Structures are given as structure tokens and as C-alpha cells.
Amino acid sequence: MPKTVEYSPYLFNEIADFGVTKTVTNPNSGVNEPSFVKSFSLHVYPQKRTLDMQYRSLGTNYVNAITLVVRHNNRLNDQLRVKYKGEEYKILNISSDDSANYMTYDFLTLQNVKELGGNG
1 MPKTVEYSPY LFNEIADFGV TKTVTNPNSG VNEPSFVKSF SLHVYPQKRT LDMQYRSLGT
61 NYVNAITLVV RHNNRLNDQL RVKYKGEEYK ILNISSDDSA NYMTYDFLTL QNVKELGGNG
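Oh and the sequence shown: position 24 is 24 in the UniProt record's numbering, straight run, nothing missing.
Here's what the structure looks like:
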């Protein structure tokens, strides 16, 4: 049986909001603008990249991506947006552990929406 990754609970000391982008009418101008609408929040652990991981990502969509680790959650999907440290991110990849183990984690690879050209 493969060894599962274990993280101490104190590492999950940051919070990320998960939601969708919806068009909302600006009350001041009457113009429709895209806006982040929060659905739920999760405690996250921002995983550091190794030097090897940084080199392998050069020339790919993952060059400026970040990885967040969360406790396994069935609500996560790649259609959601993530608001983390004041920035909005698109989920590029979800590495989900849906095994029967007690402590399982999902690894979310995120790309900043601004770097994707606005709406991503």
C-alpha cells in the first residue's frame, strides 16, 4: 500500500475562498462587471516548490502557478475560482485523494487570473 502524505494541522493556517465569477451590475455606473462570489472557505497550506519542480515548469502553463494543499473535499472542481491573499486564481489541476484513508488531501494547482489575461 502506498504511503500517504501527512501534514500537521498547524500548517493549514491560511484561508482561501472558493466561488464563481458572476456578472454583477455596478450600482454607481449601471455597468455589468464580473465579480467573485464566494461559495465556501477552506483552510489551506501553500506548498513550496522544489528547484526541480521550478525547472520542469519552465515553458509550460505552470511556470507561475502555485500549489495549495487542502483536506479532501468533494465540493472542489475545476470550474471554481479561488480567492487567496487578495488575488483571484483559476484552478488548473486538482490532484484529489479520494481513498478510504482517514486523513487525505487534495493538491490544487492555481494560476492567477490576471496572468491568464483577465477572464482566464
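All C-beta atoms in this analysis are idealised placements derived from N, C-alpha and C, irrespective of residue type, glycine included.
Since this is a predicted model, take the numbers as computed values, not measurements.
### Message
Please list the terminal residues of the continuous beta strand (DSSP E) segment that includes Arg71.
### Response
66-71
Open item on the list: Relative to the C-alpha of Ser35, which candidate in Lys83, Ser99, Asn101, Phe12 has its C-alpha closest?
Closed with: Lys83
*Determine the contact status of Leu68 and Tyr45, defining contact as a CB-CB distance below 9 angstroms.*
yes
query: Among residues of its own chain, excluding the 5 on either side of Leu42, which ones have a beta-carbon nearer than 8 angstroms to its beta-carbon?
result: Ile15, Ala16, Phe18, Val70, Arg71, Asn73
Check the DSSP bridge columns for Val24 and list the partner residues they point to. Glu33
Check your understanding: How many angstroms separate the CA atom of Lys90 from the CA atom of Phe40?
Key -> 15 angstroms
Quiz item: Do you know how far the Cα of Thr25 is from the Cα of Tyr10?
Solution: 40 angstroms
Notebook entry, point to check: Which stretch, first to last residue, makes up the beta strand (DSSP E) that contains Leu92?
Noted result: 87-96
### Query
Considering only the beta carbon of each residue, do Arg81 and Thr21 sit closer than 9 angstroms?
yes
Q) Just reading off the beta strand (DSSP E) that Glu84 is part of, what are its end residues? A) Position check: residue 84 holds Tyr in this sequence, whereas Glu was assumed. First-last of the beta strand (DSSP E) with Tyr84: 81-84.
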